[in-house]
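Chains as they are written, first to last, in the working numbering: chain F, 1 to 332; chain U, 1001 to 1332; chain E, 2001 to 2221; chain R, 3001 to 3221.
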Amino acid sequence: MKKLINNPERAVDEELAGMAAAHGDLIRIIEPNVVLRRDAPRPGKVGVISGGGSGHEPMHGGYVGMGMLDAACPGAVFTSPVPDQMLAATKAVNAGAGVLHIVKNYTGDIMNFELAAEMARAEGIEVASVVIADDVAVKDSLYTAGRRGVGGTVLAEKIVGAAAEAGADLKTVAALCQKVQDNVRSMGMALTSCTVPVAGKPTFELGEDEMEIGIGIHGEPGRTRMKLAPADEITEMLATPILDDLPFKSGDTVLAFVNGMGGTPLMELYIVFNKLAQILKGRGIAIGRSFVGNYITSLEMAGTSITLLRLDDELTRFWDAPVHTPALRWGV
Amino acid sequence: MKKLINNPERAVDEELAGMAAAHGDLIRIIEPNVVLRRDAPRPGKVGVISGGGSGHEPMHGGYVGMGMLDAACPGAVFTSPVPDQMLAATKAVNAGAGVLHIVKNYTGDIMNFELAAEMARAEGIEVASVVIADDVAVKDSLYTAGRRGVGGTVLAEKIVGAAAEAGADLKTVAALCQKVQDNVRSMGMALTSCTVPVAGKPTFELGEDEMEIGIGIHGEPGRTRMKLAPADEITEMLATPILDDLPFKSGDTVLAFVNGMGGTPLMELYIVFNKLAQILKGRGIAIGRSFVGNYITSLEMAGTSITLLRLDDELTRFWDAPVHTPALRWGV
Amino acid sequence: MSGSTPITYDDVIAWINTFAASVRDQKEYLTELDSAIGDADHGINMDRGFQAVIGKLPGLPNRDIGAAFKTVGMTLVSTVGGASGPLYGTFFLQLGTATAGREAIGLDDLIAALDAGVAGVQRIGKAEPGDKTMLDTLLPARDALREAAASGASLQDALARAVAAAEQGMLATIPLVARKGRASYLGERSAGHQDPGATSSYLLLKAAADAWSGAAGGTAN
Amino acid sequence: MSGSTPITYDDVIAWINTFAASVRDQKEYLTELDSAIGDADHGINMDRGFQAVIGKLPGLPNRDIGAAFKTVGMTLVSTVGGASGPLYGTFFLQLGTATAGREAIGLDDLIAALDAGVAGVQRIGKAEPGDKTMLDTLLPARDALREAAASGASLQDALARAVAAAEQGMLATIPLVARKGRASYLGERSAGHQDPGATSSYLLLKAAADAWSGAAGGTAN
Ligand SMILES: Nc1ncnc2c1ncn2[C@@H]1O[C@H](COP(=O)(O)OP(=O)(O)O)[C@@H](O)[C@H]1O
Ligand SMILES: Nc1ncnc2c1ncn2[C@@H]1O[C@H](COP(=O)(O)OP(=O)(O)O)[C@@H](O)[C@H]1O
Ligand SMILES: [Mg+2]
Ligand SMILES: [Mg+2]
Ligand SMILES: [Mg+2]
Ligand SMILES: [Mg+2]
Chain F
1 MKKLINNPER AVDEELAGMA AAHGDLIRII EPNVVLRRDA PRPGKVGVIS
51 GGGSGHEPMH GGYVGMGMLD AACPGAVFTS PVPDQMLAAT KAVNAGAGVL
101 HIVKNYTGDI MNFELAAEMA RAEGIEVASV VIADDVAVKD SLYTAGRRGV
151 GGTVLAEKIV GAAAEAGADL KTVAALCQKV QDNVRSMGMA LTSCTVPVAG
201 KPTFELGEDE MEIGIGIHGE PGRTRMKLAP ADEITEMLAT PILDDLPFKS
251 GDTVLAFVNG MGGTPLMELY IVFNKLAQIL KGRGIAIGRS FVGNYITSLE
301 MAGTSITLLR LDDELTRFWD APVHTPALRW GV
Chain U
1001 MKKLINNPER AVDEELAGMA AAHGDLIRII EPNVVLRRDA PRPGKVGVIS
1051 GGGSGHEPMH GGYVGMGMLD AACPGAVFTS PVPDQMLAAT KAVNAGAGVL
1101 HIVKNYTGDI MNFELAAEMA RAEGIEVASV VIADDVAVKD SLYTAGRRGV
1151 GGTVLAEKIV GAAAEAGADL KTVAALCQKV QDNVRSMGMA LTSCTVPVAG
1201 KPTFELGEDE MEIGIGIHGE PGRTRMKLAP ADEITEMLAT PILDDLPFKS
1251 GDTVLAFVNG MGGTPLMELY IVFNKLAQIL KGRGIAIGRS FVGNYITSLE
1301 MAGTSITLLR LDDELTRFWD APVHTPALRW GV
Chain E
2001 MSGSTPITYD DVIAWINTFA ASVRDQKEYL TELDSAIGDA DHGINMDRGF
2051 QAVIGKLPGL PNRDIGAAFK TVGMTLVSTV GGASGPLYGT FFLQLGTATA
2101 GREAIGLDDL IAALDAGVAG VQRIGKAEPG DKTMLDTLLP ARDALREAAA
2151 SGASLQDALA RAVAAAEQGM LATIPLVARK GRASYLGERS AGHQDPGATS
2201 SYLLLKAAAD AWSGAAGGTA N
Chain R
3001 MSGSTPITYD DVIAWINTFA ASVRDQKEYL TELDSAIGDA DHGINMDRGF
3051 QAVIGKLPGL PNRDIGAAFK TVGMTLVSTV GGASGPLYGT FFLQLGTATA
3101 GREAIGLDDL IAALDAGVAG VQRIGKAEPG DKTMLDTLLP ARDALREAAA
3151 SGASLQDALA RAVAAAEQGM LATIPLVARK GRASYLGERS AGHQDPGATS
3201 SYLLLKAAAD AWSGAAGGTA N
């Protein structure tokens, strides 16, 4: 295992200390491992928090700040945070207007957030939860854990954070989050595995001529292992199930998000974007907004995911609204 | 070789097409492979261009836009661009106020930019060139090619771009660029090599327990190969030669830039930043501005570089000034 | 009848310590199982939790079995995270509620406590038998324990049968296609791999049998 | 004297074509050499340039050796990039200036042209002999050619001696610590590796010897 770390058990703590040192103007770290907006709680504002395992940086800690999250709860690498974190975050951001929990659909995240929500409610805080489950690689079913929450989460946090910043109430903010979930779909693939620091070796082995299609964001294997293919074919393999699922239709306008899994150079993401733009054009779908980069990652995994969000004026307006966080900044 | 590409020979072209598709509001691509600010030339404004081999994304193409570069010239991967590109860029951005060439100190970059500058001057365009050579891993000497230009380049482009945007004339802009060069130092290391697409295999092989200290940004080996060390020790190894070189002194304020080489997760960069902040504190040096991320890369190489720029009010003001490019945006 | 061989407070502590040692021992193995169909952290998660637990045990104020189980449960909830944190946490919290205030319990009490624990896991995890989860170990183990008790078996014999049933349940997860937890994302690819949570639950039963082989009910075996 | 065995326009084109083929052939090898002390692109760069060059040659309007060399130089400058683009580009541009308007040249003309080419490389690259660059091949080759010519050797013999000197110069770069180009960043670590540019320059001399072994000056050899 080759990593710039000192001690696998302390990696997340030292990371948070580094974030605090680098971004003290935007965030502060409170016990037990909560990344908190510097000026939280904001009077009258609905609090928006999220969280999940570490290893997906900049998600979620990098998205704490004006116009996005009020707090983030980073767990151990790829491990849902514990309820104590979400409880502390909920209390720290609550200004009386209630708190929204944006939860990615993983058994652990769901259960840990739910425990925290119950405890917070017991303390008199109004909590609403919205679950993001946008990964079309996973078949949706009432009898399973359902779809994973992946790239759509970043878009939801930005859009919902803007609405909360603008003063929307908890019900409105939660409904907007659900609207994002209802209009967003994603799918990912990996060229390599990644190594959980504490585990010390790659989660799975892939041959030099193989790839995994339909992966999540935890270094887990995907739906199918295949022979390596050119970028254009891979882009088709990801885009087609996304487009057919919602389904996206001719005349739609989308936010096109090409994400790197952490170890993929920008050059390759733009090559994927180039093909994605051609595919969308071929289907009569307009690209209203573009988003390209390593925004929701799996440590150093090489690979990419595509997320498409169907835009309307409201979603576009909140996407464009000012944001100022360690990882995302515009309009300010 | 595992990459999201279609054809190694076409990778840069398809990347540029993808950039144009994603960022058409900011940039456009003109022949022969020049990333041009959408609204260039800007009347009365000094043009600022840079360029170099591809594979360092987001540098330089990602830095074209308001408040930074007017144009970037991407060569083949790790290969200096040809003079035709710099000539076309110089002509396209020239608005009569002259053009600054920000050149990284590599034999190829120097010669190709110089050929272009001569041709542009022959066409009546005023051209000034400033060479960035900030890598303390390389001994400086009159009898050698001298130091490489690395992380300091990104800071120079931002600061100089802001001054040009504010209306400074060519002489002032060039002097400011030289001032950045005079106050910036960097050093990098690698945990892994990278693979030039056309070459098809890693540039060098490193054992599972080895690292290279004192690397540049072209996948070249470094000054020394060593046994892998904890992040804190590595940070010391990079920071100490930087601090001693200028030298930085107690009471100085710096911009602290921890850069990823492309394949390094943000988690690790923050762990490095955490230690760097401690080292600076120990020397009585204040961190005026922080900058953490993959901003000047070597394809998918795992590793990091540290850059320190001694700040004064002028440099700080231009660093803070609004910028709007595909990869860097604030204040707007 | 089996209620006559009491499980003391010390036995309970021994069980927890034995399980913690077993988890530490099998940490890599559990993580390896989780690599195949999950995210390579189950052993790490369980070990983090039980290391925290054994740090808490010496500080317990009185010899209340229920309080000890509750401490285990709360510690797991607060330190494990992931799916296993709330699941094992709830399991032990329910054990604690069922044994609150007791300094010793009988086999029947243990069965009732397991009933409550398993129900808690089912309530928050919403899994069914055959979904390829820890339930596939816990349910048959509890049933075997109950049947053994009904047939008048000793605590040790009953536990031996429960461990055998747990092992069968654990092995039976191998061919299953997961419907719950992270392994469900793999669809058909999850078949052919043993479930990590079912494996740690087997170790939990095994730890009880090991810890109590010479203690509760005299020095039998 | 040697000037009596003319090098024709066709010979020059044959030289360039032979070198282009040799570069294509040795592309991986040159890139490999550049991996050790540079950035793994020298073979790729040279091949990209000479593929562009051979695409241009058929379109040349007249049998002007100088114009052909100039086209080679300009094409290299416009397509190679890196250090080798301007260096080889300037080399050929200078060859072109030295032979402008000529349809055939003699050995003396070739030496004068090489003189100009090498001077161009030195002027823009600012390297000295012993800096571990292509100059360490080109300079001894040119000197050998000049001495051979002075001693009345035939074109083929003179070229054979130049190739031998080029090979020696190339091999002599192995122990050198680089002072110019990318290899200089490695400091002492650059010693023990053959310079890629010195190697491609050796191939350039070798290509002339190969191309002209049976052509210019009759069918000697
Ligand atoms: N809904 C559920 N009900 C019961 N057990 C579950 C459920 N989901 C997951 N599990 C158990 O949790 C185990 C995984 O635990 P762990 O790896 O620690 O958490 P995570 O999946 O969050 O990484 C699985 O092997 C399975 O036995
Ligand atoms: N200043 C110089 N003068 C002469 N030759 C040089 C100089 N710098 C580099 N070279 C030659 O260029 C070769 C490298 O070419 P190439 O790999 O194509 O370019 P780059 O170094 O830009 O990647 C070196 O092996 C060396 O022979
Ligand atoms: Mg997990
Ligand atoms: Mg090069
Ligand atoms: Mg797991
Ligand atoms: Mg090279």
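A virtual CB, placed ideally from N, CA and C, is assigned to each residue, including glycine.
- Query: Interface residues of chain U around F/Ile242 at Cβ under 9 Å?
  - Reply: Within 9 Å Cβ-Cβ: nothing; F/Ile242 doesn't reach chain U, min ~17 Å.
- At least 3 beta-carbon pairs within less than 8 Å: the region 1228 to 1238 of chain U vs the region 1184 to 1202 of chain U: yes
- Message: Across the region 1296 to 1315 of chain U and the region 1144 to 1159 of chain U, are there enough close Cβ pairs to call them in contact, namely three or more that are closer than 8 Å?
- Response: yes
- Query: In chain order, what residues of the same chain lie with their CB nearer than 8 Å to the CB of F/Ala229, ignoring the 5 residues before and after it?
  - Reply: Met211, Met237
- 8 Å contact criterion, which R/Gly3049 and R/Val3080 should meet: CB distance rounded: 4 Å
- Message: I'd like to check one pair, R/Lys3027 with U/Ala1145: are the Cβ atoms closer than 7 Å?
- Response: no
- Might you give, ordered along the chain, the residues of its own chain that have their beta carbon closer than 7 Å to the beta carbon of E/Ala2158, omitting 5 neighbours on each side? Ser2002, Leu2107, Leu2145, Ala2148, Ala2149
- Item | Spatially closest choice to U/Leu1269 from F/Ala92, F/Asp109, F/Ile125, F/Glu300, by CA coordinates | F/Glu300
- What's the C-alpha gap between U/Leu1243 and R/Tyr3088? 40 Å
- Item | Sequence-distant residues of its chain with Cβ nearer than 6 Å to U/Val1332 (five each side left out) | Pro1322, His1324
- Could you name each continuous alpha helix (DSSP H) segment of 4 residues or more that falls completely within the region 1259 to 1302 of chain U, going from the start of the chain to the end? 1266 to 1282
- Buried or exposed: F/Val16, going by 16 or more other Cβ atoms within 10 Å of its Cβ? Per the sequence presented here, residue 16 of chain F reads as Leu, with Val not at that position. Answer is buried; the Cβ neighbour count reaches 16.
- Message: If you measure between the beta carbons of F/Asn105 and F/Gly55, is that distance less than 7 Å?
- Response: no
- Message: Taking CB distances under 7 Å as the criterion, tell me whether F/Glu57 reaches chain U.
- Response: yes
- Message: Helix, strand or coil, according to DSSP, for F/Cys177 in the structure here?
- Response: helix
- Between R/Ala3216 and R/Thr3173, what straight-line distance do the alpha-carbon atoms span, to the nearest angstrom? Any reading at R/Ala3216 needs caution, since the residue's pLDDT is 45, under 50, leaving its predicted position unreliable; the model's value is listed next. C-alpha separation (whole angstroms): 31 Å.
- Endpoints, the alpha helix (DSSP H) within which R/Lys3206 is located: 3196 to 3211
- Query: chain R partners of U/His1101, CB-CB under 8 Å?
  - Reply: Correct list: empty, because the minimum Cβ distance to chain R is about 15 Å.
- Message: When you compare the region 289 to 297 of chain F with the region 252 to 265 of chain F, are there three or more beta-carbon pairs, one atom per stretch, that lie closer than 8 Å?
- Response: yes
- Which residues in the same chain have their Cβ closer than 7 Å to the Cβ of F/Ser80, if we skip the five residues on either side of it in sequence? Gly52, Gly53, Tyr106, Gly108, Asp109, Asn112
- Query: If we call anything under 7 Å between Cβ atoms a contact, is U/Ile1102 one with U/Ser1050?
  - Reply: yes
- Message: Given the structure, does R/Gly3038 come close to ligand 6, in the sense that its CB is under 6 Å from one of the ligand's heavy atoms?
- Response: yes
- Between the Cα of F/Ala95 and the Cα atoms of F/Arg10, F/Ile213, F/Pro43, which residue gives the shortest distance? F/Pro43
- Are the beta-carbon atoms of U/Val1130 and U/Gln1085 separated by less than 7 Å? no
- Assumed close pair R/Ser3154, R/Thr3005 - CB separation to whole angstroms, cut-off 8 Å: 6 Å
- Three-state secondary structure (DSSP) of R/Val3080: coil
- Message: Within 7 Å of any Cβ in chain E, is that where the Cβ of F/Ser50 sits?
- Response: no
- Three-way DSSP call (helix, strand, coil) for R/Ser3151 in this model: coil
- Message: I believe F/Pro197 touches F/Lys3 by the beta-carbon criterion, under 8 Å. Please report the beta-carbon distance rounded to the nearest angstrom.
- Response: 6 Å
- Message: Between the alpha carbons of R/Lys3126 and R/Leu3114, how many angstroms are there, rounded?
- Response: 17 Å
- Quick one: residues in its chain with C-beta nearer than 6 Å to the C-beta of F/Cys194, no 5 flanking neighbours on either side, listed in chain order? Gly219, Ser298, Leu299, Glu300, Met301
- Got a sec: which bits of the region 1057 to 1079 of chain U sit with their beta carbon under 7 Å from any beta carbon on chain R, in order along the chain? Gly1075, Ala1076, Phe1078, Thr1079
- Item | Beta carbon proximity, E/Lys2180 to chain F, threshold 7 Å | yes
- At a Cβ threshold of 7 Å, is F/Leu115 touching chain E? yes
- Task: Indicate, with yes or no, if ligand 1 has a heavy atom lying under 6 Å from the CB of E/Pro1993.
- Result: Shown here, chain E extends from 2001 to 2221; a query on residue 1993 of chain E therefore has no answer.
- Task: Could you check how far apart the C-beta atoms of E/Pro2196 and E/Gly2096 are, in whole angstroms? I think they sit under 8 Å.
- Result: Contact flag wrong, Cβ pair sits at about 25 Å.
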